[in-house]
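For the sequence shown, our numbering assigns the number 843 to the initial residue and increments by one for each residue that follows. Just so it is clear, CB atoms sit at the ideal spot from N, CA and C, and this is done for glycine as well.
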Amino acid sequence: MIITTAGRTNNEMVQLAIRYATLLQIPYISRRKLSVEEIMVQEKDDVLVVGQNRLDIYPLNHPHEPIFFHPNSAMFRVKRVLRGEDDPLVYAAGLKEGMTFLDCTLGLGSDSIVASSVVGKTGRVVGIEGNRFIAFLLQHGLKTWESGNDEMNLAMSRIEVVQRNNLDFLKEQKNNSFDVVYFDPMFNMKIEESDGIKGLRNIALYTDILEETIVEAKRVANKRIILKDHWKSTRFETFGFAVFRRKTAKFHFGVIGTDD
């Protein structure tokens, strides 16, 4: 990964890109009116572009599918939750104000945003992301994105992003330290999603859920473990999840209760 600025740059962007380069320990490359693709050819690497209140990651092998932060489905889901309407994740997880939620597969954070809006300022949401550049993009986006909704802005800003392997993180947590432990793995069956998700697939860390991961999750989860996966996934049966089946949805939610 190298870092540069947007095409229409200014000194503020340049200084920010240099600061991020130092923080991430990656090279800063001056834009010099070059296109992103020209920089890719020159540097033979992925490119992180610093724009006006925006970060974009351009994968070397998929330059036309940039990764950028956007709340995606959380935009309308949070509005529905605030109106008192149902949300499948909130229902499956039994989320309420003041609860703690550990997202072991943060991705672009859509589900964590919804969870944060429900648990509120008295609750806590922690998101684990294995890829350090995606984690950095999320940390920036969750703090700077302006949704036009104060409740949603606050929900995003409260999410704690941790760049770690989720199994390693789980092993370090105390028993029953989170009410809900959540998994949304990068499944193998291709599903058309938003542009941000499509781009994410190109640099995501494809690590399957291990039995050891579920064992640790059972120790850490005070109430429930939730698995969101494709309806054809074998993980539900493999790990003993009770499935909430949704007739028209490609995703189902699986639940393991841990509060017995």
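Q: May I have the straight-line CA-CA distance separating MET855 from GLY949, to the nearest angstrom?
A: The alpha-carbon atoms of MET855 and GLY949 are separated by roughly 26 Å.
Q. Does the separation of the CB atoms of GLY940 and GLY965 fall below 8 Å?
A. Yes, these two residues count as a Cβ contact at 8 Å.
Q | Three CB pairs or more closer than 8 Å across the stretch 909 to 928 and the stretch 972 to 982 | A | With a cut-off of 8 Å on Cβ pairs, the stretch 909 to 928 is in contact with the stretch 972 to 982, counting three or more such pairs.
Q) Rounded C-beta distance between VAL1023 and ALA1059? I'm assuming under 8 Å. A) Contact flag correct, Cβ pair sits at about 4 Å.
Q) Is the distance from the Cβ of VAL960 to the Cβ of VAL932 below 8 Å? A) Taking 8 Å as the cut-off, the beta carbon of VAL960 is found closer than this to the beta carbon of VAL932.
(Q) Output needed for ASP945: all residues of its chain with C-beta closer than 6 Å, excluding positions within five of it in sequence on either side, in chain order. (A) SER954, GLY969 and TYR1024.
Q.
So, under 8 Å CB-CB, ASP1050 and PRO1027 are touching, yes? Tell me the CB distance rounded to an integer number of Å.
A. Cβ atoms of ASP1050 and PRO1027 come within 8 Å of each other, at about 7 Å.
Q. What is the DSSP secondary structure of ALA1091, reduced to helix, strand or coil?
A. DSSP places ALA1091 in the coil class of the three-state scheme, outside both helix and strand.
Q: Decide yes or no for the touch test of the stretch 871 to 888 against the stretch 917 to 935: beta carbon pairs closer than 8 Å, at least 3 of them.
A: Segments in contact, no.
Q.
Taking 7 Å as the cut-off, is the beta-carbon of ASN991 closer than that to any non-hydrogen atom of the ligand SAH?
A. No copy of the ligand SAH appears in this structure; indeed no ligand is present at all.
Q: Could you check the C-alpha separation between ASP1021 and PHE1081 for me, to the nearest Å?
A: Taking the CA atoms as reference points, ASP1021 sits about 19 Å from PHE1081.
Q | Close-in-space but distant-in-sequence residues of the same chain around ARG873 (CB under 6 Å, 5 per side omitted) | A | So the qualifying residues of the chain are THR846, THR847 and THR851.
Q) Are ARG1066 and ILE1098 closer than 8 Å when you measure CB to CB? A) Taking 8 Å as the Cβ cut-off, ARG1066 and ILE1098 qualify as a contacting pair.
**Q.** Under 8 Å between C-beta atoms of ALA935 and ILE1068
**A.** Contact: yes.
Q) Is the Cβ-Cβ distance between ASP888 and TYR870 less than 8 Å? A) For the 8 Å CB-CB criterion, ASP888 and TYR870 do not form a contact.
Q. In angstroms, rounded to a whole number, what distance separates the CA positions of MET1031 and ALA1091?
A. Low confidence applies here, because MET1031 scores a pLDDT of 44, under 50, leaving its location unreliable and the question unanswered by this model.
Q | Among LEU937, ALA859, LYS875 and LEU866, nearest to ASN895 - alpha-carbon criterion | A | Among LEU937, ALA859, LYS875 and LEU866, the Cα nearest to that of ASN895 is on ALA859.
Q. Can you list, in chain order, the residues of its chain whose CB lies under 6 Å from that of VAL1003, leaving out five sequence neighbours each side?
A. Here the set comprises GLY969, ALA977, LEU980 and GLN981.
Q: Quick one: grab the DSSP three-state call for PHE1083.
A: Residue state, collapsed to three classes: coil.
Q: Mind checking who GLY1099 pairs with in its DSSP beta bridge?
A: Paired residues: ARG1066.
Q.
With DSSP as the reference, identify every bridge partner of ASP945, one or two as the case may be.
A. DSSP lists GLY969 and TYR1024 as the beta-bridge partner residues of ASP945.
Q: Return yes when the Cβ of ARG919 is within less than 8 Å of the Cβ of VAL956, no when it is not.
A: Between VAL956 and ARG919, the C-beta spacing is below 8 Å.
Q | Sequence-distant residues of its chain with Cβ nearer than 7 Å to PRO905 (five each side left out) | A | Excluding residues within five positions, the ones whose Cβ falls inside 7 Å are VAL878, GLU879 and MET882.
Q: Pick out whichever of TRP1073, ASN1064, LYS1074 and PHE1078 has its Cα sitting closest to the Cα of LEU1052.
A: With distances taken between Cα atoms, LEU1052 lies closest to PHE1078.
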